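Number of protein chains: 2
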Amino acid sequence: MNEAGCIFCKIIKREIPSKIVFENDLNLAFLDISPISKGHTIVIPKKHYSTLEDIPEDELAETIKVVKKISINIHKSLEIDGYNILQNNFAAAGQVVKHFHMHIIPRSYDDDKFRLEIPKNQASDEELNEIYGQLKF
Amino acid sequence: MNEAGCIFCKIIKREIPSKIVFENDLNLAFLDISPISKGHTIVIPKKHYSTLEDIPEDELAETIKVVKKISINIHKSLEIDGYNILQNNFAAAGQVVKHFHMHIIPRSYDDDKFRLEIPKNQASDEELNEIYGQLKF
Chain A
1 MNEAGCIFCK IIKREIPSKI VFENDLNLAF LDISPISKGH TIVIPKKHYS TLEDIPEDEL
61 AETIKVVKKI SINIHKSLEI DGYNILQNNF AAAGQVVKHF HMHIIPRSYD DDKFRLEIPK
121 NQASDEELNE IYGQLKF
Chain B
138 MNEAGCIFCK IIKREIPSKI VFENDLNLAF LDISPISKGH TIVIPKKHYS TLEDIPEDEL
198 AETIKVVKKI SINIHKSLEI DGYNILQNNF AAAGQVVKHF HMHIIPRSYD DDKFRLEIPK
258 NQASDEELNE IYGQLKF
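Chains as they are written, first to last, in our numbering: chain A, 1 to 137; chain B, 138 to 274.
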């Protein structure tokens, strides 16, 4: 269930050292070695899945439960004011490692270098209706 | 289970109109009226929880399953190259509406205005060890 050459699979197999803060049967949480902020943690399933589209529902459910558990611990243990959960799918969205993973990014009012530049635009009703027609179940 | 004054609770109760692309017993997905990109969708539990720390594990699991389902549909239906899942907790992390929600943000190589400015820094072993000591289970 590991993929040759996958850096996260190597972390799971301890072929690459990392600071593993939590582990259970299905998931692993470790510190990002290039942290966006202090305490930046990555949660991964131990089985190799590329994106959100590949991880089975039940295993995804277990991963998000671990994300919640770790997030609460980060919030309690570090002096932070909040945190973002970020999960990128495909290169266009900034996914670098092709092993499904969720980032926990601690945020604080002081010394916050993280910037989410979001050009929000009020959508017209026509625009929303067009998308609505394409997406409605 | 609704909270007075909560804009998302009002969307659930149809007191505020919105483009609801999916709904089941526990969750609702609707188009963001100030989209970061075309197809920007928000998934929420119908019960009011403030942050990731408040929503019970089992309900969180159901919400992420809906996020997966909607994401696959967005990827199939719109001409996009990827997407981010973003979930903000507390004001310091950019949370505006205090009703737990997950963003699905479509991304494309063309015409992508979304910028995640991330000053990544290689952490020293001392820095990682300090955090590791605080976070390890």
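Heads up, the beta-carbon is just placed ideally off N, CA and C, and yes, glycines get one too.
Remember, predicted model here, so these are calculated numbers, not experimental data.
When the Cα of A:L78 is compared with those of B:K150, B:V158, B:R151, B:Y269, which residue comes out closest?
The residue with the shortest Cα to Cα distance from A:L78 is B:Y269.
Name the chain B residues that come within less than 9 Å of A:K68, Cβ to Cβ?
Proximity of chain B to A:K68 at the Cβ level (cut-off 9 Å) is accounted for by L189, E190, I192, E194, L197, in chain order.
Would you give the residue range spanned by the alpha helix (DSSP H) that A:A61 belongs to?
In this chain, the alpha helix (DSSP H) harbouring A:A61 covers 57 to 77.
So B:L272 contacts chain A; which residues on that side make the cut at Cβ distance below 9 Å?
Contact of B:L272 with chain A by beta-carbon distance below 9 Å involves K19, V21, F22, A29, L31, G39, T41, I70, N73, I74, S77, L78.
Alpha-carbon spacing of A:D110 relative to A:P35, whole angstroms
Cα to Cα, the separation comes out at about 16 Å.
Only counting the same chain, and skipping five residues up and downstream in sequence, which positions put a Cβ closer than 8 Å to that of A:H99?
Excluding positions up to five away in sequence, the list reads E3, C6, I7, F8, C9, I44, H48, Y49, S50.
Interface residues of the region 81 to 92 of chain A facing chain B [CB-CB below 7 Å]
Residues D81, G82, Y83, N84, I85, L86, Q87, N88, N89, F90, A91, A92.
Roughly how far, in whole angstroms, is the beta-carbon of A:T41 from the beta-carbon of A:I74, given that I think they are within contact range, below 8 Å?
Going by Cβ atoms, the distance from A:T41 to A:I74 rounds to 7 Å, so yes, they are a contact pair.
Going by other Cβ atoms of all chains shown within 10 Å of its Cβ, with 16 needed for buried, is A:F137 buried or exposed?
The C-beta of A:F137 has fewer than 16 other C-beta atoms within 10 Å across all chains shown, which makes the residue exposed.
Beta-carbon neighbours of B:K184, restricted to chain A and to distances below 7 Å
By Cβ distance, chain A contributes nothing, its closest Cβ being about 16 Å from B:K184, past 7 Å.
Determine the DSSP secondary structure at B:Y220, reduced to helix, strand or coil.
Judged by DSSP in its simplified three-state form, B:Y220 adopts strand.
Where do the ends of the beta strand (DSSP E) carrying B:I157 lie?
First-last of the beta strand (DSSP E) with B:I157: 157 to 160.
I'd like to check one pair, B:G176 with A:F90: are the Cβ atoms closer than 8 Å?
Not closer than 8 Å, so no.
Mind checking if B:K235 is an interface residue toward chain A, Cβ cutoff 8 Å exclusive?
Output row for B:K235: interface = no.
Tell me whether B:K141 sits in a helix, a strand or coil according to DSSP, three-state version.
It is worth fixing the name first, because residue 141 of chain B is Ala in this sequence and not Lys. Annotated three-state conformation of B:A141 is coil, per DSSP.
Rounded C-alpha distance that separates B:M239 from A:I20
B:M239 and A:I20: Cα-Cα distance of roughly 26 Å.
Does A:K68 pass the burial test, meaning 16 or more other C-beta atoms within 10 Å, or should it be called exposed?
When all chains shown are included, A:K68 counts as buried.
Whose C-beta lies closer than 7 Å to the C-beta of B:P243 among residues of the same chain, with five residues either side of it excluded?
Cβ contact annotation for B:P243 (same chain, cutoff 7 Å, sequence separation greater than five): S174, K175, G176, H177, I211, L215, I217, Y220, in chain order.
By the 10 Å Cβ neighbour count, where 16 or more other Cβ atoms means buried, how is A:D58 classified, buried or exposed?
Label assigned to A:D58: exposed.
I want to verify the contact list: residues of chain B whose CB lies under 7 Å from the CB of A:I7, in sequence order.
Correct list: empty, because the minimum Cβ distance to chain B is about 15 Å.
Taking A:N121 as part of the beta strand (DSSP E), name the residues at either end of that continuous run.
For A:N121, there is no enclosing beta strand (DSSP E), since its DSSP letter is neither H nor E.
Boundaries of the beta strand (DSSP E) in which B:T188 is found, first to last residue:
Where B:T188 is concerned, there is no enclosing beta strand (DSSP E), given that its DSSP letter is neither H nor E.
Selection from B:S208, B:K213, B:L189, B:I209 that minimises the alpha carbon distance to A:K153:
Look at the range of chain A in this structure, 1 to 137, and you will see that residue 153 of chain A is not part of it.
Does any C-beta atom of chain B lie closer than 8 Å to the C-beta of A:R14?
So no, A:R14 is outside the interface.
Since B:V180 sits in a beta bridge, which residues does DSSP pair it with?
Within the DSSP secondary-structure output, B:V180 pairs in a beta bridge with B:A166, B:M239.
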